[in-house]
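Data block below; observations after.
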Amino acid sequence: MKSTEVRARFLNFFKERGHAILPSASLVPQNDPSVLFNTAGMQPLVPYLLGEKHPLGTRLANIQKCVRTGDIDEIGDNTHATFFEMMGNWSLGDYFKKDTIQWSFELLTDKEIGFGLDAQRLYVTCFEGNDDAPKDTESAEIWKNIFEKAGVTGERIYFMPAKNNWWSAGDNGPCGPDTEMFYDLTGSHTSGMTKEEYLLADDKQEIVEIWNDVFMEYIKKDGVVVGKLASQNVDTGSGFERVTAVLQGKNNIFDTDIFEAVMREVGKITDNLKSQRIISDHMRTAVFMIADGVVPSNTDQGYILRRLIRRAVFNTTSRTLTQPPVEAIVHALFETYGSVYENLIPQKEKIVSEIVKEAEKFAKTIERGLRALKQVLGGIKSGMSVTEEEANEDRINPIRNRINGKELFFFFTTFGLPPELFLEIIDVDRKNAETEFNIYNREKVLTEFKEEFSKHQDLSRAGSEQKFKGGLAGTGEVETRYHTATHLLHQALRDVLGDTVQQKGSNITAERLRFDFAYGEKMTDEQKKKVEEIVNKKIQAKLPVQKIVLSKADAEKTGALHFFGDKYGDEVSVYFIGDSLETAYSKEFCGGPHVSNLSELGHFKISKEEAVSAGVRRIKAILE
Ligand code: GLY
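All the letters of the sequence shown, read from the start, carry residue numbers 103 to 726 under this note's numbering.
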């Protein structure tokens, strides 16, 4: 069965049973700042599951675009993808267990109107009960009747704990017990399985989950079930790619017709199958993200997009992605999705150019990163090859110790090299036998990196909390002028040195401003002059400085600078320099205070530029 037919049959089945078909919501949640992307079909519907009246009624169905990036490192195996489409149907206090389960079975097994799967290969699980909710014997009973009526024999209904059969999108919101359907891929388990056999088959991935019916009548707060919802809702989820793979007799999603066109094009830029899968997956996700308004950046959604594009580029044989292959890949994706999602084809130019721009940036990043890495490695290369045993000896230890979490963090903040890529470069280097002694413990260094990363987060959080506590410590007139100058300087540095520049700290007195930022090299005189020129030109243009208070989500959408991963309150103020938010030269999350017009600043001059620590530079500047 073609994937287009899977799509059509799913939607038609529920339309005929009184469901309004919703278009897929944007990948970027509109009213839920707690997640970066929709990770399930129910996410855009949370307000309605919580009781709000839906304008289209109490029966809904759709195929929703979703992104999950938790297992980005797994991409390339048989089942994982960062982007996927979730088929789902919902009852908002309308039908409940009996109809839901009956319909799931019908759609999965009916040959005329459904997917025509073999009912003898179907296995199901139900919730075994706990303090929050009783054992779901009702669902099990419904399944028993269905199987009996269909003449399906053998043991195939199992009770499982909350770990398996309780579903929620996160720690807060609607949730409930579920019943999950599994399909035997091997065709060898047609006469039933004991629970032990079922668990083993699951472990060996001989069976796959193809549908989940959640009975949402409970609500969770901070990870704890705190009560019941006003109505008994149904939320189901069935992975479109996975079901298609099952129907097309494939053991992985990349061999389905969904990936046919894109894999064909990607096959031209690498022979390696795993790389082909990674690139196909990441480019597909990137295309959908950009179409939904995400652009590569260092924060939030933009950062995920940046990582995906960079990882795709890294997996090509040439480690580059230029316009022609990108265009061909985007076209191939349009072959598959152009008629399903209307917002793709009209945005072709933007999609291609954002990907190519990011790929170019990455090429420069890699080049700089490699040069620096080579220096690190070069210092320890002596032309001889070293065995693993020798490498473990003390004399090699200092070499090994260079490949640690701190080093990874330095390359991440300074060059934008994600830690996984850093290690991949090291691995490639070793494979090429250039440095046989690059032996390191991957898990250990990645853990160290994470520790380093959260230390940095704590620092920046402390910084922003101070800011939000009510502005700067001493907020005399002079300090206020320096504060505004700091914003200007921050942006000017990004203009001149690139947007890997990130504020690491700032300190203001009545005499000067001090600004610490991530950057790996000493600034040249020319660069310093350029920064001064930019700042002074903005001052001469007498740009206004304005403040706007927005919800955190809306504030982030403005693209205003803020510390990555930082925690802010629900409402934040964004200071922007310019006539409007859209045309502003600088935008930053900030508690103020600031001058109201740049003309108050006078002449800006850098008095000192120096290193504070590895990868962090410090500028002192004065207003004359
Ligand atoms: N919302 C149900 C699921 O994602 O499985």
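All C-beta atoms, glycine included, are put in the ideal place defined by N, C-alpha and C. Being a predicted model, the structure only gives us computed values, none of them experimental.
Taking the alpha helix (DSSP H) that Thr281 falls in, what are its first and last residues?
-> The residue you call residue 281 lines up with position 179 of the sequence shown. Following the DSSP letters along the chain, one finds Thr281 in no alpha helix (DSSP H) but inside the beta strand (DSSP E) bounded by residues 275-286.
Please state whether DSSP places Ala643 in a helix, a strand or coil.
-> As a first step, residue 643 is located in the sequence shown; it is residue number 541 there, counting from the start. Coil.
Assuming Thr424 contacts Val454 under a Cβ cut-off of 8 Å, what Cβ separation, rounded to an integer in Å, is found between them?
-> As a first step, residue 424 is located in the sequence shown; it is residue number 322 there, counting from the start. As a first step, residue 454 is located in the sequence shown; it is residue number 352 there, counting from the start. Actually they do not touch by this definition, with Cβ atoms about 11 Å apart.
Are Phe284 and Ile309 closer than 7 Å when you measure CB to CB?
-> Translated into the one-based positions of the sequence shown, residue 284 becomes position 182. Translated into the one-based positions of the sequence shown, residue 309 becomes position 207. It is a contact, given that the beta carbons lie within the stated cut-off.
Is it true that the CB of Phe706 sits closer than 7 Å to the CB of Ala587?
-> Position 485 of the sequence shown, counting from 1, holds the residue named residue 587. Position 604 of the sequence shown, counting from 1, holds the residue named residue 706. With a cutoff of 7 Å on beta-carbon distance, Ala587 and Phe706 are scored as near each other.
Using only the heavy atoms of ligand 1, determine whether one of them is closer than 6 Å to the beta carbon of Ala183.
-> Position 81 of the sequence shown, counting from 1, holds the residue named residue 183. Checking every heavy atom of ligand 1 against the Cβ of Ala183, none is found closer than 6 Å.
Does the beta-carbon distance from Ala434 to Ile381 come in below 7 Å?
-> The residue given as residue 434 occupies position 332 in the sequence shown. The residue given as residue 381 occupies position 279 in the sequence shown. No; because the gap between Cβ atoms is not below 7 Å, this pair is not in contact.
Going by C-alpha distance, which of Ile165, Trp192, Ser399, Glu107 is nearest Phe186?
-> Against the sequence shown, residue 186 aligns to sequence position 84. Phe186 has its Cα closest to that of Ile165, out of Ile165, Trp192, Ser399, Glu107.
Under the three-state DSSP convention, the category Ala434 falls into = Position 332 of the sequence shown, counted from the first residue, corresponds to residue 434. Residue state, collapsed to three classes: helix.
Using DSSP with H/G/I as helix, E/B as strand and the rest coil, what is Phe217?
-> For this step, residue 217 is matched to residue 115 along the sequence shown. Phe217: coil per DSSP, three-state reduction.
The alpha helix (DSSP H) with Phe112 in it runs from where to where?
-> Residue numbering aside, residue 112 sits at position 10 when the sequence shown is read from its first letter. Counting along the chain, the alpha helix (DSSP H) containing Phe112 begins and ends at 105-117.
Check the C-beta distance from Asp394 over to Ser128 and give it rounded, since I have them as a contact under 8 Å.
-> Taking the first residue of the sequence shown as 1, we reach residue 394 at position 292. Taking the first residue of the sequence shown as 1, we reach residue 128 at position 26. About 5 Å; that satisfies the 8 Å criterion.
Can you name, in chain order, every residue of its own chain whose Cβ lies under 8 Å from the Cβ of Leu591, other than the five neighbours on each side?
-> Working through the sequence shown from its first residue, we reach residue 591 at position 489. Counting only Cβ-Cβ distances below 8 Å, and skipping sequence neighbours, we find Leu615, Phe617, Val633, Val637, Phe706, Ile721, Ala723.
For the 8 Å Cβ check, are there 3 or more pairs between the segment 657-666 and the segment 684-691?
-> Yes, the segment 657-666 is in contact with the segment 684-691.
Three-state secondary structure (DSSP) at Gln307?
-> Stepping through the sequence shown from its first residue, residue 307 is reached at position 205. Here Gln307 sits in coil by DSSP.
So does Asp337 have its beta carbon nearer than 6 Å to some heavy atom of ligand 1?
-> Position 235 of the sequence shown, counting from 1, holds the residue named residue 337. Result yes, Cβ under 6 Å from ligand 1.
Asp507 (DSSP reduced to helix, strand or coil) = The residue given as residue 507 occupies position 405 in the sequence shown. In the sequence as displayed, the identity of residue 507 is Gly instead of Asp. Helix.
Would Gln222 be called buried (16 or more neighbouring beta carbons within 10 Å of its own) or exposed?
-> For the purposes of this step, residue 222 is identified with residue 120 of the sequence shown, where counting begins at 1. Per the 10 Å Cβ criterion, buried.
For Trp269 versus Val316, is the C-beta distance shorter than 7 Å?
-> What you label residue 269 is simply residue 167 of the sequence shown in a count that begins at 1. What you label residue 316 is simply residue 214 of the sequence shown in a count that begins at 1. With contacts defined by Cβ atoms closer than 7 Å, Trp269 and Val316 form a contacting pair.
Three or more C-beta pairs below 8 Å linking the segment 399-409 and the segment 136-156 | Here the segment 399-409 lies against the segment 136-156, with 3 or more beta-carbon pairs under 8 Å apart.
Of the listed residues Gln334, Leu210, Trp205, Glu208, nearest to Thr150 (C-alpha basis) = In the sequence shown, counting from the first residue as 1, residue 150 sits at position 48. Residue identity differs from the one stated: residue 150 is Tyr in this sequence, not Thr. Ranking the options by Cα distance to Tyr150, first place goes to Gln334.
Neighbour-count burial assignment, Arg473, 16 or more Cβ in a 10 Å radius = Taking the sequence shown and counting its residues from 1, the one referred to as residue 473 is at position 371. Arg473 comes out exposed.
Would you mind working out which of Pro695, Val674, Gln648, Ser608 sits nearest Val714, comparing C-alpha positions?
-> Stepping through the sequence shown from its first residue, residue 714 is reached at position 612. Minimum Cα distance to Val714 is reached at Ser608.
With burial defined as no fewer than 16 other Cβ atoms inside 10 Å of the residue's Cβ, what is the status of Pro279: buried or exposed?
-> In the sequence shown, residue 279 corresponds to position 177, counting from 1. Pro279 comes out buried.
What are the complete alpha helix (DSSP H) segments, minimum 4 residues, inside the segment 575-606?
-> Those alpha helix (DSSP H) runs which fall completely within the segment 575-606 and span 4+ residues are 579-599.
Taking buried to mean at least 16 other C-beta atoms within 10 Å of its own C-beta, is Ala110 buried or exposed?
-> Position 8 of the sequence shown, counted from the start, is the residue given in the question as residue 110. Classification for Ala110: exposed.
Keeping to the same chain, check which residues put their C-beta closer than 6 Å to that of Val580; ignore five residues upstream and five downstream.
-> Against the sequence shown, residue 580 aligns to sequence position 478. Taking C-beta separations shorter than 6 Å and ignoring five residues to either side along the sequence, the partners of Val580 in its chain run Ala612, following chain order.
Is it the case that the CB of Val316 approaches a heavy atom of ligand 1 more closely than 6 Å?
-> Counted from its first residue, the sequence shown places residue 316 at position 214. Remark: the shortest separation between the CB of Val316 and any heavy atom of ligand 1 falls under 6 Å.
Does DSSP put Ser653 in a helix, a strand or coil?
-> Walking along the sequence shown from the start, residue 653 turns up at place 551. Looking at Ser653 - three-state DSSP - the assignment turns out to be strand.
Excluding sequence positions up to five away, which residues of its chain have a Cβ less than 6 Å from the Cβ of Lys352?
-> Residue mapping note: residue 352 aligns to position 250 of the sequence shown, counting from 1. Correct list, in chain order: Thr358.
Within 10 angstroms of its Cβ, does Leu700 collect 16 or more other Cβ (buried), or is it exposed?
-> In the sequence shown, residue 700 corresponds to position 598, counting from 1. Leu700 comes out buried.
Could you say if the segment 152-169 and the segment 115-122 meet the contact criterion of at least three C-beta pairs nearer than 8 Å?
-> The segment 152-169 vs the segment 115-122: in contact.
For Glu257, which residues of its own chain have a beta-carbon under 7 Å away from its beta-carbon, when the five flanking residues on both sides are left out?
-> Here the question's residue 257 lines up with position 155 in the sequence shown. So the list reads Gly294, Met295, Thr296, once near-sequence residues are dropped.
Helix, strand or coil at Ser688 according to DSSP, with G and I counted as helix = Counted from its first residue, the sequence shown places residue 688 at position 586. DSSP places Ser688 in strand when its eight states are reduced to three.
Cβ pair Asp273, Met144 closer than 7 Å = Position 171 of the sequence shown holds residue 273. Position 42 of the sequence shown holds residue 144. Judged by their CB atoms, Asp273 and Met144 are not nearer to each other than the 7 Å cut-off.
Quick one: grab the DSSP three-state call for Val697.
-> Reading the sequence shown from its first residue, position 595 is the one you call residue 697. In the structure shown, Val697 sits in coil (DSSP, three-state: anything other than H, G, I, E or B).
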